[in-house]
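Heads up: the sequence lines are chains A and B, in that order.
Numbering-wise (our numbering), the first sequence opens with residue 26 and increments by one.
Numbering-wise (our numbering), the second sequence opens with residue 25 and increments by one.
Written out below as C-alpha cells is the structure these notes cover.
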Amino acid sequence: MTETTETIKTSTGRVLRTEEMVVNMGPQHPSTHGVLRLEVVLDGEIVVDVIPHMGYLHRCFEKHCEHMTNYQQVVPYVDRMDYVAAMTNEFAYVVAAEKLLKIEVPERVHYIRIIMSELQRIASHLIAIGTFGIDMGAFTPFLYYFRDREKILELFEMTCGARLLYNYIWIGGLSHDLPPGFIEKTKEFCKDFKTTLKEVNDLLNYNEIFIKRTANVGVLPKDLAINYACSGPMLRGSGVNFDLRRDDPYTMYDKFEWDVIVGKGEMGAVGDVWDRNMVRQREMWESLRIIEQAIASLPEGDVQKAIPKRIRPVPGDAYGRVEGPRGELGFYIVAEDSVTPYRIKARAPAFVNLSVINEISKGAMLADLVAIIGSIDIVLGEVDR
Amino acid sequence: MGLLDQKFESSNVVITTMDDLLNWARLSSLWQMQFGLACCAIEMMAASASNFDMMRFGVIPRATPRQCDVMIVSGTVTLKMASRIKRLYDQMSEPRYVISMGSCSNCGGPYWEHGYHVLKGVDRVIPVDVYVPGCPPRPEALIEGLIKLQEKIRNESLVQKKAV
Ligand code: SF4
Numbered sequence: 026m027t028e029t030t031e032t033i034k035t036s037t038g039r040v041l042r043t044e045e046m047v048v049n050m051g052p053q054h055p056s057t058h059g060v061l062r063l064e065v066v067l068d069g070e071i072v073v074d075v076i077p078h079m080g081y082l083h084r085c086f087e088k089h090c091e092h093m094t095n096y097q098q099v100v101p102y103v104d105r106m107d108y109v110a111a112m113t114n115e116f117a118y119v120v121a122a123e124k125l126l127k128i129e130v131p132e133r134v135h136y137i138r139i140i141m142s143e144l145q146r147i148a149s150h151l152i153a154i155g156t157f158g159i160d161m162g163a164f165t166p167f168l169y170y171f172r173d174r175e176k177i178l179e180l181f182e183m184t185c186g187a188r189l190l191y192n193y194i195w196i197g198g199l200s201h202d203l204p205p206g207f208i209e210k211t212k213e214f215c216k217d218f219k220t221t222l223k224e225v226n227d228l229l230n231y232n233e234i235f236i237k238r239t240a241n242v243g244v245l246p247k248d249l250a251i252n253y254a255c256s257g258p259m260l261r262g263s264g265v266n267f268d269l270r271r272d273d274p275y276t277m278y279d280k281f282e283w284d285v286i287v288g289k290g291e292m293g294a295v296g297d298v299w300d301r302n303m304v305r306q307r308e309m310w311e312s313l314r315i316i317e318q319a320i321a322s323l324p325e326g327d328v329q330k331a332i333p334k335r336i337r338p339v340p341g342d343a344y345g346r347v348e349g350p351r352g353e354l355g356f357y358i359v360a361e362d363s364v365t366p367y368r369i370k371a372r373a374p375a376f377v378n379l380s381v382i383n384e385i386s387k388g389a390m391l392a393d394l395v396a397i398i399g400s401i402d403i404v405l406g407e408v409d410r
Numbered sequence: 025m026g027l028l029d030q031k032f033e034s035s036n037v038v039i040t041t042m043d044d045l046l047n048w049a050r051l052s053s054l055w056q057m058q059f060g061l062a063c064c065a066i067e068m069m070a071a072s073a074s075n076f077d078m079m080r081f082g083v084i085p086r087a088t089p090r091q092c093d094v095m096i097v098s099g100t101v102t103l104k105m106a107s108r109i110k111r112l113y114d115q116m117s118e119p120r121y122v123i124s125m126g127s128c129s130n131c132g133g134p135y136w137e138h139g140y141h142v143l144k145g146v147d148r149v150i151p152v153d154v155y156v157p158g159c160p161p162r163p164e165a166l167i168e169g170l171i172k173l174q175e176k177i178r179n180e181s182l183v184q185k186k187a188v
C-alpha cells in the first residue's frame, strides 16, 4: 500500500525517500465514539487522506420497519437509532407520521414534546462535550456533566420509566402525562444546571490548553459545509445561521423566544473545532430558555385524546424533519394500502456530517484528527442505522 | 485507611491460602476493556461516571486489550463486528472474562428476528461468563453483573490443576 511521495537527495548524492503509511483507527478505539473505522493515510504525522469505513453497527432499521405489525411499533426501533438522543428521534418520526395521517394533536402534547426534546438536547450535548473533553485530555468536565445528565435522566425516568430509550412520544400523543412533581423538579434542574454550565465553561472551553488544541483545527468553511449538506452545530459552527426550529417551525417552536447560536471564530478561524464545541455549549443555554418558557405556559389537556385506535393511512408519502442535537433529522415514510409502512427512510445527520471528515482533516496532524472526530459528534447507531 | 489506622497493636501476620490471596488480588482490580458497541455502551459510560462510579470496584477502563482482564460486550454485535470481537478477545491475556451486557449481545435483542446483519448472541464467537439482561440494563444491573463475576473469580483455583 506504500508509495513514494517525494525524493530528497543528500549531499553525497544518495536518494532518500519518504513513504506514506496506512494506519487503521478503530473499530475499537477510545476516541472514535463507537465502532467507526478510519483508514488514515499518513505522511509522517501529517494526515494525507481519511477514508471512513462504516457498517459495524448496521442493525437493519429499514427491514424492521417493513416487518412491524403497525406504525406505532416502529417507535422503539427509532429510539435505538440515535441512542444518545432517543426523544428527538421519536419526535422526528412522529412528526412525519402525523403529517402522513393528518392528525392534529392537543396543544399540551406539543408543549410536553418540546420540553422533552430540549431536555434531551441538553443531555446529548452533555455527552458530546464531556467525551470531547476526554479526547482532549480533560477528565473533570466529563464527571461534572455526567452528574447533571443523570438529573435529566431522572426526570425522564419519573415520566416514562426508562433511562435511555423511552418509547414515550407516540403517534398522536404521549404514553404518559407528566407525573406530579415534574414541573418543580425541572425548574429546580434549570436553576442548578446554570451553575455547572458556568463552571465548565471556565474549566474547559476557556482553558488555555484546550484552546491551543482546538483553535484553528479542522476548519470547515461556510461553502463546504453547505455543499456537503452539513447541519446542526456543525453547520452553525461554520457561521451559517440556520436552525429548523426557527426556519421551519414544526409544532410550536415559533411560540418561544430564543436565539440561534452561530460560530464567530473567537479563538481562530470561523468553523474550527473550538467553534463547533462552543455552539453546543451555548445551545444548552438556549434550550434552558425554551424549557423555562414552555413550563411557564404549559396548557391543560388530555395527552392521549388524539391517539388513533387503528392506523391505516391512505397511500402516499410524507417527510417530517426536526432539529436534533446533531442536525436535521428527517424521516420519509411511504405508505401503501396496509397497516404496515411500505418504506421508512431516515435522513441521519451524523451520517451526512461524517462525510465531510476527509475534506477537513487533510493536512492536520494525527492527534488533531481525534479532535476533529470528537467535534463532529457522531453516533454510530445513526450513521449505520 | 481511617478505619484501619492505629487499630493493630503490633505488626501481625495473616495466614491465607495461595488461591485466596491471588483471587482476592485479581477480583479487586478487574481492568475493563474500553470498548463500546451501541446503546448499552452509553449506560456503561454512565456506570463508570460520577453517579455510579464503577471504579470503586477496581474497574478501570483501558484502551488496549493486552492490559485487560474483562471485556464488557456492550451492545449489538453485527456480523461485520463479530470477527473483530473474536480477535480482540484473543489478544487479551489469560485469565480473561467476558460480561455480555444487554439483550443484544445475549441473544440478538430486538433484532433477533429480522436482523439479517446481527449476530444472535455474542456467545457464538466468544465464551461468556456473566449475562446481564435488559435493554439497556441499568448501571446498577451492570454492577450486579460485575459482583457476580467477582464471586465467580473468588471460587476459582489457579493453583490446583483443573479436572479435565
Ligand atoms: S440491548 Fe437494547 S439498549 Fe442494548 S444495544 Fe441492544 S438495543 Fe441497544
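The beta-carbon is built from N, C-alpha and C at its ideal position, and this holds for glycine as well.
Asked, Found
"T184 of chain A: first and last residue of the uninterrupted beta strand (DSSP E) it sits in", "Careful: T184 of chain A lies outside any beta strand (DSSP E), inside the alpha helix (DSSP H) at 165-185."
"Other residues of its chain near K370 of chain A: CB distance less than 6 angstroms, five sequence neighbours each side excluded", "Y357"
"Contact the segment 99-115 of chain A vs the segment 135-151 of chain A: 3+ CB pairs below 8 angstroms", "yes"
"Rounded separation between M57 of chain B and A71 of chain B - CA only", "14 angstroms"
"Proximal chain A residues relative to I66 of chain B, where beta-carbon distance stays under 8 angstroms", "Y108, V109, I152, L189"
"Y155 of chain B Cβ short of 8 angstroms to the ligand SF4 heavy atom set", "no"
"Span of the alpha helix (DSSP H) around K247 of chain A", "247-252"
"CB contact below 9 angstroms: A49 of chain B versus chain A", "no"
"Cβ of Y169 of chain A within 9 angstroms of any chain B Cβ", "yes"
"Closest by C-alpha distance to Y344 of chain A, when choosing among A:K216, A:A121, A:G206", "A:A121"
"Cβ pair L112 of chain B, V142 of chain B closer than 9 angstroms", "no"
"Contact with chain A by M125 of chain B, beta-carbon distance below 9 angstroms", "no"
"Residues that DSSP places opposite M57 of chain B in a beta bridge", "B:R86"
"Chain-ordered chain A contacts of F81 of chain B [CB-CB under 8 angstroms]", "Result: empty, since nearest Cβ-Cβ is about 17 angstroms, beyond 8 angstroms."
"K411 of chain A versus Q98 of chain A: straight-line alpha-carbon distance, rounded", "Residue 411 of chain A falls outside the range modelled here, since chain A spans only 26 to 410, and no answer is possible."
"Residues within the segment 148-168 of chain B neighbouring chain A, beta-carbon criterion of under 9 angstroms", "C159, P160, R162, P163"
"Rounded straight-line distance, which links the Cα of G60 of chain B to that of P89 of chain B", "13 angstroms"
"Residues near N423 of chain A in its chain [Cβ-Cβ closer than 7 angstroms; skip 5 each side]", "Because chain A is modelled from 26 through 410, residue 423 of chain A falls outside the range shown and cannot be assessed."
"Beta carbon of V377 of chain A nearer than 9 angstroms to that of R368 of chain A", "no"
"CB contact check: I397 of chain A to chain B, cutoff 9 angstroms", "no"
"7 angstroms CB neighbourhood of P52 of chain A in its chain, flanking five on each side removed", "V60, L61, R62, Y81"
"Cβ contact check for the segment 114-129 of chain A and the segment 204-216 of chain A: 3 or more pairs under 8 angstroms", "no"
"For G26 of chain B: DSSP bridge partner residues", "Beta-bridge pairing links G26 of chain B to no other residue."
"Pick from B:R148, B:Q174, B:H138, B:K144 that is closest to V154 of chain B, judged by C-alpha positions", "B:Q174"
"Three CB pairs or more closer than 8 angstroms across the segment 304-312 of chain A and the segment 247-262 of chain A", "yes"
"Buried versus exposed, by CB contacts within 10 Å (16 or more), R351 of chain A", "buried"
"Status (buried if at least 16 other CB within 10 Å, exposed otherwise) for L28 of chain B", "exposed"
"Local Cβ density within 10 Å of E291 of chain A, reported as buried at 16 or more and exposed below that", "exposed"
"Contact under 9 angstroms by Cβ, I96 of chain B with W55 of chain B", "no"
"Cross-chain neighbours of P101 of chain A in chain B, by beta carbon under 8 angstroms", "P134"
"Any C-beta of chain B under 9 angstroms from that of R138 of chain A", "no"
"Nearest-angstrom beta carbon gap, V101 of chain B and S19 of chain B [assumed within contact, 8 angstroms]", "Nothing can be reported for residue 19 of chain B: it is not among the residues displayed for chain B, which extend from 25 to 188."
"Check whether I403 of chain A and F281 of chain A have beta carbons under 9 angstroms apart", "no"
"is_contact[S74 of chain B, chain A] using C-beta, thresh 9 angstroms", "yes"
"Rounded separation between M26 of chain A and V47 of chain A - CA only", "In this prediction, M26 of chain A scores a pLDDT of 44, lower than 50, which makes its location untrustworthy; no coordinate-derived value is stated."
"Sub-9 angstroms separation of R105 of chain A and L190 of chain A beta-carbons", "yes"
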